[in-house]
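Asks:
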Amino acid sequence: MECTSCLIFFLSLLLMLRGVPGATFTFLNKCEYSVWPGILANAGSPALETTGFELTKDSWRSLEAPTGWSGRFWGRTGCSFNDEGSQGQGQGQRCRTGDCGSGQAECNGAGAVPPVTLAEFTLGSGSQDFYDVSLVDGYNVGMLVEPKSSGAATCASTGCLTDLNQRCPAELRAEGGGACKSACQQFGNPEYCCSGAYSTPSVCKPTLYSQIFKSACPRSYSYAYDDASSTFTCTAADYTITFCPSNPNPNPNPNPNPNSQKSSRDPTSSTTGGGGIGMGTTTTTPDGSSSSSSVGDGSTSSGGSWSGSGFVSEGGYEAGSGSGSESETVMLADGSWIAGLATGGTTPTTPPLSSLPLQLAAATALVILTFIFTSQ
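FYI, in numbering that gives the first Met the number 0 the residues of the sequence shown are 0 to 375.
#1: Under 7 angstroms Cβ to Cβ from Glu-170, same chain only, skipping five residues before and after it: list those, please.
#2: Please name the residue in Pro-189, Thr-121, Cys-99, Ser-133 whose C-alpha comes closest to that of Ala-42.
#3: Going by C-alpha to C-alpha distance, which of Leu-27, Leu-54, Thr-49 sits closest to Ser-33?
#4: Going by C-alpha distance, which of Pro-36, Lys-180, Glu-48, Asp-98 is nearest Ser-221?
#5: Cβ atoms of Val-132 and Thr-161: under 7 angstroms apart, would you say?
#6: Who are the Cβ neighbours of Cys-78 in its own chain at under 7 angstroms, not counting the five residues just before and after it?
#7: Please give me, in chain order, every unbroken run of the alpha helix (DSSP H) with length at least 4 that falls completely inside the stretch 28-69.
#8: Taking one C-beta from the stretch 98-113 and one from the stretch 203-219 each time, how about it: are there three or more such pairs within less than 8 angstroms?
#9: Decide if Val-140 is buried, meaning its Cβ has at least 16 other Cβ atoms within 10 Å, or exposed.
#10: Span of the alpha helix (DSSP H) holding Leu-207?
#11: Buried or exposed: which applies to Glu-105, given that a residue is buried once 16 or more other Cβ atoms fall within 10 Å of its Cβ?
#12: Suppose you measure from the CA of Phe-24 to the CA of Glu-190; what does that come to, to the nearest Å?
#13: Can you name, in chain order, every residue of its own chain whose Cβ lies under 8 angstroms from the Cβ of Gly-87, other than the five neighbours on each side?
#14: Going by beta carbon distance, what residues of the same chain come within less than 7 angstroms of Glu-63, once the five residues before and after it are set aside?
#15: At a cut-off of 6 angstroms, is Gln-127 close to the ligand GDP when judged by its beta-carbon and the heavy atoms of the ligand?
#16: Rounded to a whole number of angstroms, what is the C-alpha to C-alpha distance between Lys-56 and Ser-209?
#17: Assign Thr-239 to one of two classes, buried (16 or more other C-beta atoms within 10 Å of its C-beta) or exposed (fewer than that).
#18: The beta strand (DSSP E) with Cys-159 in it runs from where to where?
#19: Have a look at Ser-126, Asn-164, Gln-165 and flag the residue whose alpha-carbon is nearest the alpha-carbon of Ser-148.
#20: Apart from the five residues on each side of it in sequence, which residues of its chain come closer than 7 angstroms, Cβ to Cβ, to Cys-193?
#21: Measuring only the C-alpha atoms, how far is Cys-387 from Val-135?
#22: Kindly indicate which three-state DSSP category Lys-147 falls into: helix, strand or coil?
#23: The beta strand (DSSP E) that contains Tyr-238, what's its start and end?
#24: In terms of residues, what are the limits of the beta strand (DSSP E) holding Cys-154?
#25: From Ser-229 to Asn-107, what does the alpha carbon distance come to, in whole angstroms?
#26: Evaluate Gln-385 with the Cβ neighbour count: other Cβ atoms within 10 Å of its Cβ, from every protein chain shown; 16 or more gives buried, anything less gives exposed.
#27: Excluding the 5 residues preceding and the 5 following Gly-137 in the sequence, name in chain order all residues of the same chain whose CB lies nearer than 7 angstroms to its CB.
#28: Applying the 10 Å Cβ sphere with the 16-neighbour rule, what's the burial state of Asp-226?
#29: Provide the residue span of the beta strand (DSSP E) that contains Ala-118, from first to last.
#30: Among Ser-58, Trp-68, Thr-96, which has the Cα closest to the Cα of Ala-173?
#31: Quick check: the Cα distance between Ala-235 and Trp-68, rounded to an integer number of angstroms?
#32: Comparing C-alpha positions only, which one of Thr-199, Phe-26, Ser-245 sits nearest to Ala-118?
#33: When the Cα of Gly-100 is compared with those of Phe-231, Ser-245, Gly-51, which residue comes out closest?
#34: Which same chain residues, not among the five before or five after Ala-46, have their C-beta less than 6 angstroms away from its C-beta?
#35: Excluding the 5 residues preceding and the 5 following Phe-231 in the sequence, name in chain order all residues of the same chain whose CB lies nearer than 6 angstroms to its CB.
#36: Pick out whichever of Gly-74, Tyr-197, Leu-163, Gln-165 has its Cα sitting closest to the Cα of Val-144.
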């Protein structure tokens with residue numbers, strides 16, 4: 000009877016561990032300045048271990064989220080907090096862009112003030128994760144979301160690599176050029192906000208302003224009903240969220256956070272192909288005159304380079320192509336993988352450490368059960 004009770008206990012423990020795999024989110028800052036990630040869980044989802052923190056240049060931090068969690072992440076810039084996390088002096092916004100109004104590094108359940116770039120996630124819905132990067136609330140900083148699935152499939156990366164602040168129309172510029180508003184925020188017209196008579200996908204279509212965003216960041220949401228080309232799925236994945244992904248990282252240390260308990264390892268990677276994100280040049284010729292840069296889907300080659308083609312609008316007059324070099328993939332000690340701008344499939348040389356708790360529990364249970372039965 001005692002052995003049976005032990006067996007039931009350890010099997011229950013294993014099932015509990017297997018039932019809450021969740022995901023690991025790793026935030027990496029490649030900007031030339033500090034970014035304060037903000038975190039907001041959706042209604043019904045638990046708050047993560049923090050709702051906001053500082054991420055200095057070239058540093059990173061990982062957070063765990065349970066299966067079923069849904070919420071959003073964003074980057075705050077130009078923040079002024081004292082050692083306790085509250086604003087040191089003065090009134091008004093505590094961060095230049097992306098402020099959540101809490102007056103602290105922690106957002107404490109408050110959302111971002113537009114304009115802001117958002118990364119949105121729903122974990123484990125029907126065994127799949129759903130994720131996207133949205134420009135519906137405007138843009139303040141570049142973001143790249145890179146999934147790393149434990150399965151055989153390679154999942155697509157998404158994000159906005161182009162600095163939209165450099166391409167923002169004058170009428171949408173905010174914070175002295177430090178952010179770019181959406182047309183909905185700036186003008187409030189139903190056709191821009193997909194509201195009122197324009198509240199259905201059949202009526203609310205891309206506008207000139209949303210096409211500017213889409214041409215620069217073809218995998219990001221550019222307006223409310225931009226689902227088909229902007230929502231992605233993956234199974235049993237961890238995610239790296241990089242701020243300023245197009246900025247070359249001058250720090251060769253794969254573990255740039257001196258306060259982190261994670262140890263660094265030599266970078267190793269094996270590129271097997273898959274989707275990349277390439278910077279191209281778009282020539283816009285409705286009147287035969289102007290040109291601008293664009294970002295398009297690309298594919299990795301065996302030489303580690305990638306190429307991309309620009310977004311083609313409904314009018315069919317935008318196209319572009321470009322090429323660049325792929326940066327290395329670094330495996331952190333916790334098993335997460337931080338890839339460069341070209342994100343082909345990567346083949347880990349060791350299993351992710353995120354699976355080690357389950358493996359350790361299973362091994363421990365087997366050892367104890369073996370001891371119990373052999374001692375009878």
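Here a beta-carbon is modelled for each residue, glycine too, at the ideal position from N, C-alpha and C.
Replies: Straight from the coordinates:
#1: Hits under 7 angstroms: Gln-185.
#2: Looking at the Cα atoms, Thr-121 is the closest of the given residues.
#3: Leu-54
#4: Lys-180
#5: no
#6: Answer for Cys-78: Trp-35, Arg-93, Cys-94, listed in chain order.
#7: Segments of the alpha helix (DSSP H) lying fully in the stretch 28-69: there are none.
#8: no
#9: Under this definition Val-140 is a buried residue.
#10: Run containing Leu-207: 207-215, per the alpha helix (DSSP H) assignment.
#11: Looking at its Cβ environment, which holds 16 or more other Cβ atoms inside 10 Å, Glu-105 is buried.
#12: 35 angstroms
#13: With a pLDDT of 49 at Gly-87, under the threshold of 50, the modelled position of this residue cannot be trusted; read the value that follows with caution. Cβ neighbours of Gly-87 beyond the five flanking positions: Ser-79, Phe-80, Asn-81.
#14: Correct list, in chain order: Gly-21, Thr-23.
#15: In terms of ligand content, the structure shown is empty, and the ligand GDP therefore cannot be addressed.
#16: 31 angstroms
#17: Only buried fits Thr-239, as 16 or more other CB atoms lie within 10 angstroms of its CB.
#18: 157-159
#19: Ser-126
#20: Cys-203, Tyr-222, Ala-223, Tyr-224
#21: Lying outside 0 to 375, the shown extent of the chain, residue 387 is not represented and no answer is given.
#22: strand
#23: Boundaries of the beta strand (DSSP E) harbouring Tyr-238: 236-242, taken from the DSSP string.
#24: First-last for Cys-154: undefined, no H or E at that position.
#25: 28 angstroms
#26: With the chain covering 0 to 375 only, the question about residue 385 has no answer from this structure.
#27: Pro-113, Pro-114, Val-115, Ala-178, Cys-179, Lys-180, Ser-181, Gln-184
#28: exposed
#29: 117-124
#30: Nearest option by C-alpha distance: Thr-96.
#31: 13 angstroms
#32: Phe-26
#33: Gly-51
#34: Ala-40
#35: Tyr-130, Ala-155, Thr-157
#36: Gly-74
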